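As structure tokens, the structure follows; a few thoughts come after it.
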Amino acid sequence: MAMNYPIEYEVRPKAVAEGMRWLTLSLKNIGNRELKDLDVRLNSLDTYSILVRGLGELIPTLEPGEEEELPFHVSAQTTGRVYVVLNGRKNGRRFHWESPEIFIRVGEQPAELVSLFALTEPHARLGEPIKCEATVRGLIASAGLVWEFWAEVPGGEFKSLAKGGVGALDAGEEARYTFEITPDGEGIYVLHAYLYQGARRIDHRTEYLSISL
Amino acid sequence: MAARYPIQYELEPRSVDAGMNWLTLHLRNMGTEELKDLDVRLNSLDTWSMYVYGTGDHILILSPSDKEVIHFQVSVIVTSRVYVSIDGRRDGEPFHWESPGVVVRVSQEPAELVSLFAMTEPYPVAGERLRCEATVRGLAESGGFRLEFWANAPSGRFDEVAVVKTKDIAPGEEVRYGAEVLPEEEGPYTLYAYLYDGAKRIGREKEYVYVRKS
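Protein sequences, first through last, are from chains A and B. The opening position of the first sequence corresponds to residue 357 in my numbering, with each subsequent residue numbered one higher. The opening position of the second sequence corresponds to residue 271 in my numbering, with each subsequent residue numbered one higher.
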């Protein structure tokens with residue numbers, strides 16, 4: 357089980373078929389203090405991909421060394437990320453605990469977006485072109501996928517930057533795609549990479565850039 | 271209204287009180303083709319911050335220039351991002367459309383975590399320190415906050431990197447805080463910054479870096 361003191365935790369399974377499924381969260385108090393009134397939530401970081409039903413569970417008391425298993429009903433459409441939050445009381449005081457992201461693979465996804473990076477320092481200069489790079493990895497032999505790059509600019513406009521096809525990929529094979537953006541206004545830019553299989557969006561990554569004079 | 275062809279869209283209000291609220295989505299077909307059998311969803315990018323009730327709505331036909339209004343009930347704890355997705359048919363073919371993230375603010379928040387950046391090239395080298403930097407913006411008169419930096423290594427280790435007690439930040443003021451991470455494993459790292467007001471986590475940002483072998 358993964359650990360973030362005072363909780364050991366695990367969400368399983370890590371791969372599910374599309375549709376309505378169950379994920380089980382295991383929690384163990386590895387601290388030396390009783391934890392009380394625990395509001396336990398399994399949170400989705402994109403409900404289009406994975407929607408967790410309900411608002412969570414309550415554990416009245418979790419003693420040191422004690423374990424609990426909580427089932428969560430989820431609607432799984434594409435690979436996504438979830439994380440766990442506990443709010444409760446420790447030693448009479450309120451505390452908040454959360455896990456890092458937990459990756460849940462959904463269905464027979466042919467490929468994934470491994471990363472999207474702007475190849476620059478994070479606080480880039482206005483008017484200078486910035487090269488960006490996305491990496492696509494095949495999960496099974498696939499062909500005919502399409503990538504798109506978009507940018508949310510500080511004024512709120514959502515601009516299409518580039519679009520292209522992913523060539524045939526074997527399982528484990530990676531391909532990198534680059535594009536350029538020349539910021540014309542100060543502020544925070546959000547870059548988006550999308551991966552499509554036909555009309556189905558199968559992955560999405562974002563990258564932030566801060567642009568100044 | 272914002273636009274991404276063939277849809278114009280607007281979500282309102284953009285600022286709400288914490289708790290149960292209604293958000294209203296306005297859609298307009300700005301294209302030249304009829305859109306059919308639309309599965310319209312408002313998707314949360316963090317359900318702890320904002321939970322959207324229900325699984326969306328269905329629009330049978332949205333003809334060119336037609337408008338529709340859909341209401342979504344949400345439970346809001348802190349400022350969050352949502353986006354709209356539409357799956358349907360255009361010209362007989364399936365299509366997918368989605369908006370960029372739309373920020374919905376919680377009006378009483380004292381500060382926000384604006385960004386977290388790794389101050390490095392995207393592929394840093396294992397064994398070399400990398401600096402990350404979080405920006406906090408004050409929104410109301412308040413005392414200091416606790417800012418935590420964490421790193422999630424490829425092996426799954428999740429380590430606290432630094433805890434910073436911020437100064438009192440005036441409304442509109444932006445302050446940058448930094449921390450150093452020493453990545454020792456090769457592979458994808460996720461860096462996190464968390465902003466706390468007492469025991470309430472009011473901000474969460476993440477940054478990905480891919481660490482190469484030294």
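Even for Gly, the Cβ is constructed at its ideal location relative to N, Cα and C. Computed from a prediction, not measured in an experiment: that's the story for all the values here.
So with CB distances below 9 Å, who are the chain B contacts of residue i?
| i | result |
| --- | --- |
| A:Phe473 | Glu391, Pro392, Tyr393, Tyr478, Val479 and Tyr480 |
| A:Glu477 | Phe387, Met389, Thr390 and Glu391 |
| A:Leu564 | Checking the sequence shown, residue 564 of chain A turns out to be Tyr, not Leu. Those are Ser385, Leu386, Phe387, Glu475 and Glu477, listed as they occur along chain B. |
Just to confirm my understanding: we take residue i, look at its own chain, exclude 5 residues before and 5 after, and list those with CB closer than 6 Å. What are they?
| i | result |
| --- | --- |
| A:His548 | Trp506 and Thr562 |
| B:Val445 | Val406 and Ile439 |
| A:Lys515 | Ala507 |
| A:Asp430 | According to the sequence shown, residue 430 of chain A is Val rather than Asp. Closer than 6 Å at the Cβ level, and outside the excluded window around A:Val430, lie Arg377, Leu379, Ile406 and Val408. |
| B:Ser484 | Val395, Ala396 and Gly397 |
| B:Val344 | Asn291, Leu293, Met320 and Val322 |
| B:Val373 | Arg351 |
| B:Arg401 | Met389, Gly448 and Glu450 |
| A:Asn447 | Arg389 |
| B:Leu305 | Asn299, Leu332, Gly358 and Arg360 |
| A:Glu423 | Lys384 |
| B:Tyr480 | Tyr393 and Pro458 |
| A:Leu472 | Ala490, Ala549, Arg561 and Glu563 |
| A:Phe428 | Leu379, Leu398 and Val408 |
| A:Asn443 | Asp395 and His452 |
Is it buried or exposed, residue i, if we count other Cβ atoms within 10 angstroms and call 16 or more buried?
| i | result |
| --- | --- |
| B:Met290 | exposed |
| A:Gln433 | buried |
| B:Asn422 | buried |
| A:Glu468 | buried |
| B:Gly413 | exposed |
| A:Ile496 | exposed |
| A:Leu569 | exposed |
| A:Gly520 | exposed |
| A:Gly494 | buried |
| A:Gly410 | exposed |
| A:Lys384 | buried |
| A:Leu525 | buried |
| A:Pro369 | exposed |
| B:Thr317 | buried |
| B:Leu295 | buried |
| A:Ser498 | buried |
| B:Arg284 | exposed |
| B:Ser314 | buried |
| A:Arg557 | buried |
Report the neighbours of residue i on chain B: residues whose CB is nearer than 8 Å to its CB, in chain order.
| i | result |
| --- | --- |
| A:Leu411 | Tyr321 and Ser345 |
| A:Ile544 | Val384 and Ser385 |
| A:Arg493 | In chain order: nothing, as chain B lies at least about 11 Å away. |
For residue i, which residues in chain A fall below 7 Å Cβ to Cβ?
| i | result |
| --- | --- |
| B:Asn422 | Pro456 |
| B:Trp315 | What sits at residue 315 of chain B in the sequence shown is Leu, not Trp. By Cβ distance, chain A contributes Leu401 and Asp402. |
Assuming residue i and residue j are in contact, meaning their beta carbons sit under 8 Å apart, how far apart are those beta carbons, in whole angstroms?
| i | j | result |
| --- | --- | --- |
| A:Ser400 | A:Gly436 | 7 Å |
| B:Ala288 | B:Val376 | 5 Å |
| B:Ile472 | B:Glu379 | 6 Å |
| B:Glu368 | B:Ser355 | 4 Å |
| A:Ile458 | A:Val441 | In fact, because the Cβ distance is near 12 Å, the residues do not count as touching under 8 Å. |
| B:Thr460 | A:Pro456 | 6 Å |
| B:His485 | A:Ala555 | The structure shown does not extend to residue 485 of chain B, since chain B is modelled only from 271 to 484, so the question has no answer here. |
Could you work out which residues of chain A lie near residue i, taking near to mean beta carbons separated by less than 9 Å?
| i | result |
| --- | --- |
| B:Arg274 | Trp506, Phe514 and Ser516 |
| B:Phe428 | Ala358, Met359, Asn360, Ser455 and Pro456 |
| B:Ser355 | Tyr404 and Arg557 |
Go through its chain and collect everything with a Cβ distance to residue i's Cβ below 8 Å, but skip five positions before and after it.
| i | result |
| --- | --- |
| A:Ile486 | Ala474, Leu475, Thr476, Ala480, Glu536, Ile537, Thr538, Pro539 and Leu565 |
| A:Glu366 | Met357, Ala358, Leu381 and Ser382 |
At 7 Å on the CB atoms, spell out the chain E contacts of residue i, in chain order.
| i | result |
| --- | --- |
| A:His429 | Among the chains of the structure shown, chain E does not appear; the protein chains present are A and B. |
Identify the contact partners of residue i in chain B, using a Cβ-Cβ distance below 7 Å as the criterion.
| i | result |
| --- | --- |
| A:Arg450 | Ala469 |
| A:Arg556 | His366 |
| A:Arg397 | Trp318 |
| A:Val441 | Trp318 |
| A:Val408 | Thr317 |
Beta-carbon within less than 7 Å of residue i's beta-carbon, same chain only, minus the 5 sequence neighbours each way: which residues are those?
| i | result |
| --- | --- |
| B:Ile329 | Leu308, Val310 and Glu338 |
| B:Ser425 | Glu455 |
| A:Gly543 | Pro510 and Ile567 |
| A:Glu413 | Val396 and Leu426 |
| B:Leu409 | Glu379, Pro380, Ala381, Glu382 and Pro441 |
| A:Ile415 | Leu394, Val396 and Glu424 |
| B:Asp429 | Trp420 and Ala421 |
| A:Ala531 | Val492, Val522, Gly523 and Leu525 |
Using a Cβ cut-off of 8 Å, pull out every chain A residue sitting near residue i, in sequence order please.
| i | result |
| --- | --- |
| B:Tyr462 | Pro456 |
| B:Arg311 | Thr403 and Tyr404 |
| B:Pro370 | Trp506, Glu508, Phe514, Val546 and His548 |
Completely contained alpha helix (DSSP H) runs for the stretch 292 to 341 of chain B, where each covers 4 or more residues: none
Start-end ranges of the beta strand (DSSP E) lying completely within the stretch 461 to 509 of chain A, minimum 3 residues: 467 to 474, 479 to 481, 486 to 494 and 501 to 508
Scan the stretch 336 to 404 of chain B and note each continuous alpha helix (DSSP H) run of 4 residues or more that stays entirely inside, going in chain order. With a minimum length of 4 residues, no continuous alpha helix (DSSP H) run stays inside the stretch 336 to 404 of chain B.
Give, in chain order, every unbroken run of the beta strand (DSSP E) that is at least 3 residues long and sits entirely within the stretch 402 to 447 of chain A. 406 to 408, 413 to 418, 423 to 432 and 436 to 446
Continuous beta strand (DSSP E) assignments of at least 3 residues falling wholly in the stretch 421 to 479 of chain B: 428 to 435, 444 to 451 and 457 to 467
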